[in-house]
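In what follows, a structure is listed as structure tokens, so that the remarks can point back to it.
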Amino acid sequence: METLLRLFPSTLSPDIHVRRASEQELRQLEGQPGMLSASLQIVASPDADATVRQAAAIYVKNRISRAWDTSLPRGAHESPHVPEDDKPVVRAALLPSIASVPPTLRVHVASALFSVVRSDFPEHWPTLLDEIVQRLTSGQEAEMYAGVRALLEAVRAFRFSDTDTKLEGIVARTFPVLLQTVNALMDSAQSNLPAVGEMVYYAMKVYKTSLAITLTRHQQSNESIVPWGTLMLRVVQKPVDAEGADEEAKEKAPWWKAKKWAFYALNRLFSRYGIPSQLSASMVSCKPFAETFLHSFAPEILKAYLHTADAMVSQQLWVSRPVVRHLLAFFTESLKPKSMWVLLRPHMQQIIETLVYPRLCFSDEDEELWEVDPVDFVRMSADPLEELGTTASVASSLLHTAVARRTASMLDPTLQFILQIVNAYAAEQCTPRQMDGALRMCITICTSMVHSERVQDQLDAFFAQHVLPALRSPHAFLRLRACAAVQTFDHAGMKWTSGETLETALRGVMDCMLDTELPVRVQAAEAMGELVAHDEVHNAMAPNAGRLMQELLKLSDETDLDVLMTTQEKIVNHFAEELLPFSVQLTQQMAQSYMRLVQDNLAGGDADADGVHAFRIDQGEEDKYFAAVGCLSTMYQMVSTAESRPEILAELEQVLLPVVAYTIESETVDLYDDCFQLTDVLTYYQKRISPGMWHIFTLMYKSFKSSGVDYLSEMIGTLDNCASYGTAVLQEKAEYRHMLLDIFHTAMTHDQLVVSDRVAACQLAEVILLLLRGYVDEAVPGIIGTLLPHTQKSAEAPSFQLRKWAILVILEAVYYNAALALQVLESHGATSAFFSAALPMLSQCRRVHECKVTVVALLSLLSLDPAAVPEALQAGYPHLLGALVTQLALLPKLVSRRKELSSALDQGFNDLDDDGDLAEFDDDADVEEDDNDYLELLAQEAARLRTRVSAVDDGEDLDELDDLDDDEIGYESPLESVPVYEPFRTVVQQLRTQHAALFQRLTEGLNEAQQRDLQQALELVDGEETGTTVSN
């Protein structure tokens, strides 16, 4: 104990050497029985120093989390599992510790309890629920708190399991007792005290946590849902003193936290389990509950919520922002079932006007953020994830759903309300902020307005009269909102019936792009990205496309955000020809911005332990990361536009290679994927490898051998192109060949890499063997020896894809040098086993390239002198010929299939241009959400994948898995120009004339179908229809 009391304070020492020495000494003690229980005693001891208790609590939490569960393996250099003798003592001390320790320590002890419960309940802790119930009924505040907090951790431990019955048992045993305890507290004379609110808060949190993905049978029973529903409504409607403190402090008060989770639980019961028409097929067991809940309980909830909303609007009641969001969310869900819509409809327009609309108006908080940090304002406005869950976002969702799903009842009244405001603003009878709310309402219901036959033809005039004048408003937030309206409506397909109106919109947006306010400039740029799709705008802007792009790049530099990435891509797409003369200059600007962002990241902190400089996403650097990705993406587009201009590509490469080199040398691995896409497209378009690109090749190799080992799949395109278009250099430089081969062997043997990396390694071995024939003889034994274990169906090689690729590469080694490959197979005693595994696999290879690999390999075998063929293979000669003629007959069919696939893909992209019409909804029926079908599809797909994974684990071959690797379209095979039918006729002629007896034995071994295939193959000629590109 004395040792621990000495060590724990040292673990918090600012001196890193003292801290590490203490932590090391603690690790050395961890295997001793009693060490963990003694640490927990220190946590619970009121006599120990507060900092010592804090350090001990953190240690206990981490130690239990990492080493309690014996089913999780521990590495050789990791601390051992918690000794079994310690566990009963620790389990016995956890609940008493929660009851006695200060709030600052409870979170750590509760987290430790969670880990123990998840591992031990019920087998090793059968008394847990009894201990919880005993404390809930003790009548002592600290013990009751320990009971409810322990119950929360128990529910958390099993909340995400829809098949485990543990949660069912926990709920059935404890929830009736918890209900009784909370009702007693609510009925007591001290019910208004914060301590009671804290207990109710945790009780509500327990209930809401239990609803995560399943509703237990106990909770579905009337004996449970009636009293629990009644209790939650009591909490929802309980008067709470909200005077005094600021808004954030009031929201953190115990009773308002309790109200928040009561609202949430009622909403969850309704939205996930209480609407029969919204239940997925996997939740059919909840349908009886849903029917009862919808007709008996949901109306009472709605009544309570409407009362709360009325009191809030009339300023008789202060309501926290989380509760407002839950109110709005419940109203949104109530729009869907017909029975609830009937009850809500009389109140809906008032809700829109008094509850939704005010929350869409420009607020004091918006103004403060704009003034203090305009970049942050832009991020909050432009990023859906940032806005998700805000009160304004939930209000917008309610408005959108109401108008889109109950159009007949809601569209006209909403439009009338909007017109009332915009007309009042034109008459100077309302404020700019109110006008902003009206424009935001328009943006929210934009799709419904654009697709309404009654409204769409009036939009041009509406914009001319009310929206476009706001582009010149003295109020910056109105200029921003008007730009957003132009962008949103144009994107939705609004018809600009007047050329004058479109021209006015263009002029206004162009002016806003030069605005003094950053948020306005950014929003105007986004609007311009939509307008350029119009021929009139395109023609007007074409002469200034370079300047426009420079303005966008300048804006991106000002914000360090990725919000303009999509706009930049649109501008590059629409003005590809116009931007070509400026492409090098623009790419230089983007390269400078990118380098600054990466340098800022490097300057912002030390590298990780392995030397990697990662963007600290959890520390607010996601903006810089996405801005850097945006730069790379736009530079990629600039390269793509110059595809047919080799002189520009060469200049762009000179700009981009230092960018890639710096990224690799600084080990900024987060950006490897996008960087290697640049090198991939540069090498592919130029069909050559420059000296500068060979330098990148060596950097990629060095990175792969260190911090970049996980990025082979991202590197493989560039490596493949270096081999394909730099073959002559590889033939000259053994150093480069050795790098490729080392990458292959490392990827196949590195314990950190997975199947996809090993498949990438096989792809690399493929290009080595096919393109460097005669230059890597010494490598063939190593390649075959490395791949042989992966060719057999076994527990060590469960992946169909990896097995297929291993077989293909060994066949390519046979094509490379048949005699050498057979010699290697014989040295491993694997000749018969390999071909026994390979021949059945061929029927599952459906790519043209795979078929040709098989053909050229088998031709190489049959071209050998039969006397030189190993005895193990001679017996299978008829099978080889049979497989060969089958593949030769199949090849033209696969070529035809590839053409059909290409045509179908092109047609599929064309079909994406069809927008389709909005679905019509019966205003007096249940709303069937498309999301339910999608979620159900996801659930079915997850189940199907689990089944397939199990099948693979069982060693089954699944033909469907081959489709995952079907990269026929756009793949340039090294064998594309290799003829097969003329060599086949030559081989047949040689066998027929030089080895007549063998040829007769071979042909007699063919079945009737193979005989037909043989005759067909002898008649076919090499050409595009049979998979061979004939050079002119």
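If you use UniProt numbering, the sequence shown corresponds to residues 1 to 1032, in order. Every residue gets a Cβ at the ideal spot worked out from N, C-alpha and C, and that includes glycine.
In this structure, I664 sits away from Y701, with a CB-CB distance that is not shorter than 8 Å. From the listed residues A542, T308, V755, the smallest Cα separation to H574 is found for A542.
In terms of Cβ geometry, E143 and R149 do not form a close pair [threshold 8 Å]. Distances from the CA of M748 to each of Q763, R737, E735 were compared; the closest alpha carbon is that of Q763. Boundaries of the alpha helix (DSSP H) around K570: 565-574. Q823 and V814 have their C-alpha atoms spaced approximately 10 Å apart. Here R1001 has Y877, P878 as same chain residues with Cβ atoms under 8 Å from its own Cβ, once five neighbours each way along the sequence are excluded. In this structure S210 is in contact with V171, their Cβ atoms being roughly 6 Å apart against a cut-off of 8 Å. If only uninterrupted alpha helix (DSSP H) runs of at least 4 residues are considered, those enclosed by the segment 482-557 are 499-512, 518-531, 535-541. Within the segment 223-309, the complete alpha helix (DSSP H) segments of 4 residues or longer fall at 247-251, 254-268, 287-292, listed in chain order. Setting aside the 5 residues that flank it on each side, E25 is surrounded in the same chain by L7, each with a C-beta closer than 7 Å to its C-beta; the list follows chain order. For F121, the secondary structure class from DSSP, reduced to helix, strand or coil, is coil.
For C631, the uninterrupted alpha helix (DSSP H) run begins and ends at 622-641, by DSSP. Taking the Cβ atoms as the reference, N721 lies roughly 16 Å from D673, outside the contact range of under 8 Å.
A904 and L890 have their alpha carbons spaced roughly 21 Å apart. By a beta-carbon distance limit of 8 Å, M513 contacts R521. Their separation comes to about 6 Å. Between L478 and M435, the gap from beta carbon to beta carbon is short of 8 Å. One alpha carbon belongs to D187, the other to F121, and they sit about 34 Å apart.
Apart from the 5 residues on each side of it in sequence, P974 sits with its Cβ closer than 6 Å to the Cβ of L770, L771 in its chain, given in chain order.
Per the C-alpha coordinates, the member of A868, G829, I810 positioned closest to T854 is I810. With 16 or more other CB atoms across the displayed protein chains lying within 10 angstroms of its CB, R268 is buried.
Per DSSP, E732 is one residue of the alpha helix (DSSP H) stretching across 727-732. In this structure, the straight-line span from the alpha carbon of L998 to that of S863 is close to 13 Å. By the 16-neighbour rule on beta-carbons within 10 angstroms, T831 is buried.
For Q134, the uninterrupted alpha helix (DSSP H) run begins and ends at 128-136, by DSSP. For Q1011, the three-state secondary structure derived from DSSP is helix. Rounded to whole angstroms, T746 and F704 show a C-alpha spacing of 9 Å. As for any beta strand (DSSP E) of minimum length 3 sitting wholly inside the segment 3-90, there is none. With 16 or more other CB atoms across the displayed protein chains lying within 10 angstroms of its CB, E153 is buried. Excluding sequence positions up to five before and after T308, its CB lies within less than 8 Å of the CB of V236, Q237, L317, V319, V323, L327, all in the same chain and listed in chain order.
According to the DSSP assignment, T1026 belongs to no alpha helix (DSSP H), since it is labelled neither H nor E. Out of I213, I64, F362, Q523, the CA that lies nearest to the CA of Q487 is found in Q523.
The beta carbons of T414 and I351 sit no closer together than 8 Å.
Around the beta carbon of Y207, a 10 Å sphere encloses 16 or more other beta carbons of the protein chains shown; the residue is thus reported as buried.
Each residue's CA atom was taken as its position, placing W228 and A157 some 22 Å apart. CA-CA distance, L468 to G437, rounds to 16 Å.
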